[in-house]
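In the working numbering, the protein residues as written are 2 to 169.
We treat Cβ as the ideally placed atom computed from N, Cα and C, and that holds for glycine.
Predicted, not measured: the structure shown is a model, and the values here were computed from it.
Read the structure below first, then the notes.
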């Protein structure tokens, strides 16, 4: 756990909303002189504010987690582009920022547990092949409740559907 808390886990003990945790962690980063963490949290808070303006209301913790996941996805896309362009320094900076953002996400499920859930949900839905991906993914997203990254979940679902279509 970092000096700034471990996001969701720490919030559970302090009963702080995620928005309050971000304000607290921003303050702590500023006091500590941690400019990277400060800038990541400021950018995240700006994205949250933009979403709140669009919706004309404050975001729930779950909606804020969605914004955080979106920020992580954007940074992963940037890393890929930076590496293609030979800018490893920028890719490393983005990787560090992802680490900061991940502190606020619920703990991630291990791959073996995720595979079990994918197999169980696929059986419950009676899916048979790749064409059923559209039916399977929304149910998997509900079943894993953000504890498995979408990219990983999609890969596991594809593997399960391929396995089922080959066995049919």
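Is residue 198 helix, strand or coil by DSSP?
Nothing can be reported for residue 198, as the shown portion of the chain is limited to 2 through 169.
Coil, strand or helix - residue 64 by DSSP:
helix
For residue 45, which option in 32, 64, 84, 72 has the closest C-alpha, if you only look at C-alpha atoms?
72
Counting only the same chain and skipping the five closest in sequence on each side, list residues whose C-beta sits under 7 Å from that of residue 69.
45, 102, 105, 106
Helix, strand or coil at residue 104 [DSSP, three-state]
coil
For the pair the stretch 79-97 and the stretch 120-138, tell me if three or more CB-CB distances fall below 8 Å.
no
Return the CA-CA distance between residue 109 and residue 57, expressed in angstroms with no decimal places.
31 Å
In the structure shown, what three-state DSSP assignment does residue 25 receive?
helix
Does the stretch 111-118 come close enough to the stretch 29-40 that 3 or more CB-CB pairs lie under 8 Å?
no
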